[in-house]
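Heads up, the thing below is written out as structure tokens.
In our numbering, the protein residues as written are 1325 to 1482.
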């Protein structure tokens, strides 16, 4: 069982909570607050654990590698900084493809995080059957990424 901890200096540490030597302890020593992170930013990891995503103070989704023996944060892409105009509440990497989904006040966005291309946007309060009435708070990929499940302010799961 792995454990993710954040400290007062906004550093992130990942270690094996059982003390097993099978999972090496890894520390990202770059304080995320120095990068500029949205208050209460969601943080998510790719299924292979190589990439991390969080939301910057400019509401861009930052994809980075940062958990390696050399403590650094290498930004791969800033997604949505000029597109997303309100807070984001949840992020989820697709388990098999280079997609990341975000949920927030404006609805749901799906990006190709390797190219930076916006693939789909379902606006909150739109009349599309997939849309929530109001903000979308949580999302996750299910069934090996075949279905994106969301939960919103309207108390519905879609």
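C-beta: ideal position from N, C-alpha, C; glycine also.
Residue i Cβ short of 7 Å to the ligand PLP heavy atom set
i: residue 1418; result: The model on display carries no ligand, and the ligand PLP is accordingly not part of it.
Close-in-space but distant-in-sequence residues of the same chain around residue i (CB under 6 Å, 5 per side omitted)
i: residue 1437; result: 1387, 1401, 1422, 1424
i: residue 1331; result: Its pLDDT being 46, under 50, residue 1331 is placed unreliably by the model, and the measurement read from it follows with that caveat. Closer than 6 Å at Cβ, skipping near neighbours: no residue.
i: residue 1369; result: 1376
i: residue 1367; result: 1378
Nonlocal neighbours in the same chain, by C-beta distance under 8 Å from residue i, ignoring five residues either side
i: residue 1468; result: 1419, 1420
i: residue 1443; result: 1423, 1434, 1435, 1436
Alpha carbon of residue i to alpha carbon of residue j, nearest angstrom
i: residue 1447; j: residue 1374; result: 30 Å
i: residue 1372; j: residue 1441; result: 22 Å
i: residue 1382; j: residue 1365; result: 11 Å
i: residue 1445; j: residue 1389; result: 26 Å
i: residue 1470; j: residue 1439; result: 21 Å
Bridge partner(s) assigned by DSSP for residue i
i: residue 1436; result: 1423
i: residue 1412; result: 1428
i: residue 1417; result: 1424
i: residue 1372; result: In DSSP, residue 1372 forms no bridge with anything.
i: residue 1464; result: 1473
i: residue 1382; result: Per DSSP, none; premise fails for residue 1382.
i: residue 1365; result: For residue 1365, which the question treats as bridged, DSSP gives no partner whatsoever.
Given residue i as reference, the closest of the options once Cα atoms are compared
i: residue 1430; options: 1410, 1439, 1366; result: 1410
i: residue 1476; options: 1380, 1413, 1368, 1370; result: 1413
i: residue 1466; options: 1384, 1417, 1380, 1478; result: 1417
i: residue 1415; options: 1445, 1379, 1444, 1478; result: 1379
i: residue 1472; options: 1367, 1478, 1435; result: 1435
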